[in-house]
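K.L.:
The opening position of the sequence shown corresponds to residue 14 in my numbering, with each subsequent residue numbered one higher.
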Amino acid sequence: MYKLLVIEDEELIRKGIVSLINYEKLNIQEVFEAENGKKALDIIDSKMPDIILSDINIPQLDGISLAKIVKEKYPDTRIVFLTGYDYFDYALSAIKIGADDYILKPVSKKDVEEILTKLVSKLEKKRREEKAIEERKKINISEYHSRSLDEQIGNEYNAIDIEKVINEEIFNPDLSLGYLSEKLGFSVNYLSTLIKKRMGINFQDYVTKNRIEYAKILLLTTDMKIYEIAEKIGYEDVNYFSSRFKYYVGQTPRQYQREVSS
Numbered sequence: 014m015y016k017l018l019v020i021e022d023e024e025l026i027r028k029g030i031v032s033l034i035n036y037e038k039l040n041i042q043e044v045f046e047a048e049n050g051k052k053a054l055d056i057i058d059s060k061m062p063d064i065i066l067s068d069i070n071i072p073q074l075d076g077i078s079l080a081k082i083v084k085e086k087y088p089d090t091r092i093v094f095l096t097g098y099d100y101f102d103y104a105l106s107a108i109k110i111g112a113d114d115y116i117l118k119p120v121s122k123k124d125v126e127e128i129l130t131k132l133v134s135k136l137e138k139k140r141r142e143e144k145a146i147e148e149r150k151k152i153n154i155s156e157y158h159s160r161s162l163d164e165q166i167g168n169e170y171n172a173i174d175i176e177k178v179i180n181e182e183i184f185n186p187d188l189s190l191g192y193l194s195e196k197l198g199f200s201v202n203y204l205s206t207l208i209k210k211r212m213g214i215n216f217q218d219y220v221t222k223n224r225i226e227y228a229k230i231l232l233l234t235t236d237m238k239i240y241e242i243a244e245k246i247g248y249e250d251v252n253y254f255s256s257r258f259k260y261y262v263g264q265t266p267r268q269y270q271r272e273v274s275s
């Protein structure tokens, strides 16, 4: 959920913006008001709004000066200016210093809804990207293309890099202990013990955990459908994928995607 600050010295316009928009629909939880630049700064420092709608010509501290301060202190804050034609050139100057957009007065409900929808979409995308970066730090999966499987494992026990072998096959829907034991020439029981000893986790938990971590990244950074993600990471049954995801994450894939974006 996001926070919005409306800065406008004309009370009628300010109250109109605050009261006429369905903010819940836009995923905006809190809306603050300020009639001058000084009060606005106090609110910004204490409440840290995600989006600011500000008139350019406001008392005590003009909108351009306010925007410079905000962008220096809180560079991720989205700023939109409300301006008449008389101040249009100032609005263009504001864009150059980091403001996101402007709305020409008289301001309509449609104008405000459209600009807020666009900015919320940008904020959600940024949150997903940041979350994806966090997830990538956790993930252990790497792709190995330089050598064949036989070259990687060699013929001797000490030459085998079990984690590397599993990672190369991790999105293969046929991946199982039986599949790996056949590839490596070990019995299933021996391979299971070896994996647990080498990696500190059993085979199934390792595969599922890493598949789910990669699924998180796909949910946050792509427009792929749930069944497409399931297939991508090695699950032919989307319902099984969803149940595994919920077991490890505590949410369904769709719930996870929505919560991170909100």
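C-beta atoms are modelled at their ideal positions from N, C-alpha and C, and glycine is treated no differently.
Is L231 buried or exposed, if buried means 16 or more other CB atoms sit within 10 Å of its CB?
P.N.:
Start at 1 with the first residue of the sequence shown, and residue 231 comes out as number 218. Counting Cβ neighbours within 10 Å, L231 comes out buried, since at least 16 surround it.
K.L.:
Go through its chain and collect everything with a Cβ distance to G50's Cβ below 8 Å, but skip five positions before and after it.
P.N.:
In the sequence shown, residue 50 corresponds to position 37, counting from 1. The residues are I20, I71, P72, Q73, L74, D75, G76, S78 and L79.
K.L.:
Determine the burial state of K86: buried for a count of at least 16 other Cβ atoms within 10 Å of its Cβ, exposed for fewer.
P.N.:
Translated into positions along the sequence shown, residue 86 becomes position 73. Its Cβ having fewer than 16 others within 10 Å, K86 is exposed.
K.L.:
Considering Cα atoms alone, identify which of N202, E249 and S205 is closest to R224.
P.N.:
Position 211 of the sequence shown, counted from the first residue, corresponds to residue 224. Checked all of N202, E249 and S205; the closest Cα to R224 is E249.
K.L.:
Taking 7 Å as the limit between beta carbons, can you name the residues of its chain near A243, skipping five residues before and five after?
P.N.:
The sequence position of residue 243 within the sequence shown is 230, counting from 1. Cβ neighbours of A243 within its own chain (closer than 7 Å, five residues either side excluded): V251 and F254.
K.L.:
State buried or exposed for S32, treating a residue as buried only when at least 16 other CB atoms are found within 10 Å of its CB.
P.N.:
For the purposes of this step, residue 32 is taken as residue 19 along the sequence shown, with counting starting at 1. So S32 ends up on the exposed side.
K.L.:
The alpha helix (DSSP H) with E195 in it runs from where to where?
P.N.:
Here residue 195 refers to the residue found at position 182 of the sequence shown. Its alpha helix (DSSP H) spans residues L190 to L197.
K.L.:
Assuming A112 is part of the alpha helix (DSSP H), what are its boundary residues?
P.N.:
One-based indexing of the sequence shown puts residue 112 at position 99. Where A112 is concerned, there is no enclosing alpha helix (DSSP H), given that its DSSP letter is neither H nor E.
K.L.:
Please classify Y210: is it buried, with 16 or more other beta-carbons within 10 angstroms of its beta-carbon, or exposed?
P.N.:
Locating residue 210 in the sequence shown gives position 197, where the first residue counts as 1. The sequence as given places Lys at residue 210; Tyr does not occur at that position. K210 comes out exposed.
K.L.:
Looking at the secondary structure, which residues open and close the beta strand (DSSP E) in which E46 lies?
P.N.:
For the purposes of this step, residue 46 is identified with residue 33 of the sequence shown, where counting begins at 1. Note, E46: beta strand (DSSP E), I41 to A47.
K.L.:
Apart from the five residues on each side of it in sequence, which residues of its chain come closer than 8 Å, Cβ to Cβ, to E24?
P.N.:
Position 11 of the sequence shown, counting from 1, holds the residue named residue 24. Only E48 meet the Cβ criterion.
K.L.:
How is I30 classed by DSSP in three states: helix, strand or coil?
P.N.:
Residue mapping note: residue 30 aligns to position 17 of the sequence shown, counting from 1. Under the three-state reduction of DSSP output, I30 falls in the helix class.
K.L.:
In whole angstroms, give me the CA-to-CA distance for Q264 and F258.
P.N.:
Numbered from its first residue, the sequence shown carries residue 264 at position 251. Numbered from its first residue, the sequence shown carries residue 258 at position 245. Spanning the two alpha carbons is a distance of roughly 7 Å.
K.L.:
Whose C-alpha, out of V201, E148, E147 and S121, is nearest the C-alpha of I30?
P.N.:
In the sequence shown, counting from the first residue as 1, residue 30 sits at position 17. I30 has its Cα closest to that of S121, out of V201, E148, E147 and S121.
K.L.:
Is DSSP giving K122 helix, strand or coil here?
P.N.:
As a position in the sequence shown, residue 122 is number 109, starting the count at 1. Helix.
K.L.:
Near P88, which residues of its chain fall below 8 Å by C-beta distance, leaving aside the five closest residues on each side in sequence?
P.N.:
Stepping through the sequence shown from its first residue, residue 88 is reached at position 75. For P88, where only same-chain residues beyond five positions count, the Cβ hits under 8 Å are G111.
K.L.:
If you pair each beta-carbon of the stretch 174-185 with each one of the stretch 203-219, do three or more pairs fall below 8 Å?
P.N.:
yes
K.L.:
How many whole angstroms separate the CB atoms of I116 and L129, which I take to be in contact at a CB cut-off of 8 Å?
P.N.:
One-based indexing of the sequence shown puts residue 116 at position 103. One-based indexing of the sequence shown puts residue 129 at position 116. About 10 Å separates the two Cβ atoms, so there is no contact after all.
K.L.:
Using the three-state DSSP reduction, which class does S134 fall into: helix, strand or coil?
P.N.:
Within the sequence shown, residue 134 is the residue found at index 121, counting from 1. If DSSP states are grouped into helix, strand and coil, S134 belongs with the helices.
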